[in-house]
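Protein chains in written order, with our numbering: chain A, 182 to 431; chain B, 2 to 638. Right, one structure below, let's go through it.
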């Protein structure tokens, strides 16, 4: 049973151009379509009519690459908890619905076109310290370093972040604390991360501020939309790590 | 031109050591004077860029994504093999080597595979040192599992996200080098051509996908780490932007393409639900450890699965392969699924799926245990299909997953163009005609962390490389060629969408060059591909302009290349008159339907040289010698 829907989509020709919401009618929307497949069909219609298709990023379409990211009816990644935009299916909507589609908005995420944004600020936060400094070639045998299973599992919970930026888009301050703290926590929990533990958190937090992300005011919106359900307790840990590092004079 | 595989002499276990010693070195103080251009930022590209940056070379990394962390290696689920023998169950470098050569149906180069098995142990050490959170046991040591039917437990994993964690490890190491200034990132760039000066790869031309600008970059060597060509089939488990463009354009400049007909169809994917579908989702084959595959015994049985009694079910893998059962290798499981669907015994609305049933496993272990093993996969299945696999059997069907073929490389991973190296899935070298589970991640990282740093250094240190800049004619010509092709595709202004053409080329590939191939079908396919290519250039409609962000234009360029590449895929399949691994020709099978190799006539690598679009490519053969593992009929009965 195909549905007809109205889409209200953010269109913006380029980074320095004004944008606006434009209405489109989506016909023959099948409940088994994914949200992005629905947009593919709408775009093919626009192309046939000679209109400019709606630009959006997507790649793996199975919720792991972090490329896609739309604000659907005001919610980053849309109505399904623990899911990315590409995993949302049209059975979540009813015939006749109007769906508002916008890009992830933040000062640090400039719009390039329509729904496509520049998230390279997140890469620069990682470059500032989100790693363990080991060169290829010199690593000791992997089993030299026993790590308790619960510690490793907890590190993995944080390491699952896909870097989509939904946490930033949903935060009223456009803070990148959930993203940054997930990496700080992953590496702070593991023995491999200890030598650079203090330096890492200070440099990553400073880079986060420099990129123009806002401050955290503990609203918890980030955790609510995170497709990997990363806990806000990571932010508490990052704050503690940062405080300890700065008190120690890092 | 004669193919020089440059395999070192001596016993197989010493070949790599010997090569490393023979290799030229580059003085640490001189390394920054060499620029290496790395195309692609998946496991192979990110690990190569990080390692070369650590050594002090000047590295530029190009990728089509907004961030290097999004490359499709991120989606690998199952795990990574390594011959650590941590389980004391009889594994060794030699056994991993042996299994990989056999699993590849004796169509891989022994020396490369042996080196891969040797490197596997270093990879795990490297990744753990980076902080990759592999699964662990309560005692704190690393956990392993048996994967894809292997008889030893040598697979390391990080939940169902091993590819993600390994890629993030490599990405973080690379970002450390970005911070240190040795690596420069160029995201949203698509390589469109290679610049060759005096026969050497000296740079590339790419499109800045954010601005539309055509850019030229010079260097001393180019590393293609651009993945496989699975999206030639339109529907595959690959990401929607995965493509063959960089490899194909290098092929058109003189890099030979080897064994394109070796494509892997993965047996456990979520079936197609309709025409709108843009990709297929893989369900890790670890599911076959506990799930039982079956279809109704009688064609046309429309009863819901829980109302079909045992007597009316056919557990066809357990029946045909009593010793391996549901764990037969991927190619065997996929063909068996196709066979039962061809008999009209497939299930679901389309009749193109089979059941993967966990009822017995849930009865035996309880739902909680099954949830702890596969919870995330079951959730993903529910999200896509709206069905609950704890209650109703999953439905699965094979889908294109991985491509063993790729650009031909010698033992040093260098293509037939001096200075052009090819790493990871983009090359052809290690998996023969079929790749074993958990071996793709191993190869990407072995090539990038541990092989390219030595062999690229040898090339840079031992080759006269005169100064060249992007003002050289070769760059101007490549730039004009790239822009010309863009202008040409925009100028068609026809009536059919790009996706329409992609679907059509994909359907041709799937129907004629998919799981089962015939000479007759391939002849038809070759003619139809040429017709479709002509139709594409007459009737495709590409919106927008060249001078800004235009995803439809990027897509059109990739599909245009598939219109040419698909012909080579079919030609290679047509010429190989045998069945082996992922290449199954119906004319060549044993009486009980298994792949029948012809070692007498086809124990070689087919490396194709481009002769022009629509012109027959020239075939060059690299003979394969098996000194260690003696080819035999694979048997999983």
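Backbone N, C-alpha and C define an ideal beta-carbon position, used for all residues, glycine too. Because the structure is a prediction, the values reported are computed rather than measured.
- DSSP places residue 529 of chain B in the helix class (H, G or I) of the three-state scheme.
- Per DSSP, residue 209 of chain B is one residue of the beta strand (DSSP E) stretching across 201–209.
- Looking from the CA of residue 211 of chain A, the closest CA among B:19, B:488, B:332, B:276 belongs to B:276.
- Contact between residue 196 of chain B and residue 475 of chain B holds, with the beta-carbon distance rounding to 5 Å and staying under 8 Å.
- Assignment of residue 215 of chain A by DSSP, reduced to helix, strand and coil, places it in the strand class.
- The beta-carbon of residue 272 of chain A is placed less than 8 Å from the nearest beta-carbon of chain B.
- When DSSP states are grouped into helix, strand and coil, residue 343 of chain B belongs to the helix group.
- Residue pairing by DSSP places residue 191 of chain B opposite B:208 in a beta bridge.
- Residue burial is scored here from C-beta neighbours: residue 33 of chain B has fewer than 16 other C-beta atoms within 10 angstroms and is therefore classed as exposed.
- Where residue 320 of chain B is concerned, the enclosing alpha helix (DSSP H) starts and stops at 317–321.
- Separation of the CB atoms of residue 574 of chain B and residue 208 of chain B is rounded to 32 Å, and the pair is thereby denied contact status at 8 Å.
- Here residue 265 of chain B is not near residue 163 of chain B, since their CB atoms are 8 Å or more apart.
- In this chain, the beta strand (DSSP E) harbouring residue 356 of chain B covers 355–358.
- Between the alpha carbons of residue 420 of chain A and residue 72 of chain B lies a gap of roughly 31 Å.
- In the DSSP assignment, residue 61 of chain B falls within the unbroken beta strand (DSSP E) covering 59–63.
- Just so you know, the alpha carbons of residue 399 of chain B and residue 382 of chain B end up roughly 15 Å apart.
- CA-to-CA, the gap between residue 255 of chain B and residue 618 of chain B works out to about 11 Å.
- Rounded to whole angstroms, residue 519 of chain B and residue 8 of chain B show a C-alpha spacing of 35 Å.
- Per DSSP, residue 422 of chain B is one residue of the beta strand (DSSP E) stretching across 421–423.
- For residue 264 of chain B, the uninterrupted beta strand (DSSP E) run begins and ends at 264–270, by DSSP.
- Inter-segment contact for the segment 169–180 of chain B and the segment 459–478 of chain B is absent: fewer than three beta-carbon pairs are separated by less than 8 Å.
- With a beta-carbon spacing of about 5 Å, residue 283 of chain B and residue 270 of chain B fall inside the 8 Å limit used to define contacts.
- For residue 355 of chain A, no beta strand (DSSP E) segment is defined, and its DSSP state is neither H nor E.
- At least 8 Å separates the beta-carbon of residue 66 of chain B from that of residue 333 of chain A.
- The beta-carbon of residue 120 of chain B is placed no less than 8 Å from the nearest beta-carbon of chain A.
- For residue 305 of chain A, the secondary structure class from DSSP, reduced to helix, strand or coil, is helix.
- In the displayed model, residue 377 of chain B falls within a helix according to three-state DSSP.
- In summary, residue 2 of chain B is exposed, with fewer than 16 beta-carbon neighbours lying within 10 Å of its beta-carbon over all protein chains present.
- Considering only B:245, B:357, B:420, the residue with the shortest C-alpha distance to residue 555 of chain B is B:245.
- Nearest in C-alpha terms to residue 62 of chain B, of all of B:272, B:378, B:185, is B:185.
- Within the DSSP secondary-structure output, residue 216 of chain B pairs in a beta bridge with B:207.
- For the segment 373–387 of chain B, the set of positions with a beta-carbon nearer than 9 Å to some beta-carbon of chain A reads 380, 381, 384, 385, 386, 387 in chain order.
- For residue 338 of chain A, the enclosing alpha helix (DSSP H) starts and ends at 330–340.
- The C-beta of residue 239 of chain A has 16 or more other C-beta atoms within 10 Å across all chains shown, which makes the residue buried.
- Under the 10 Å beta carbon count, residue 588 of chain B is surrounded by fewer than 16 other beta carbons and is classified as exposed.
- The residues 87, 88, 154, 155, 156, 157, in chain order, have a CB closer than 7 Å to that of residue 145 of chain B in the same chain once the five nearest residues on each side in sequence are set aside.
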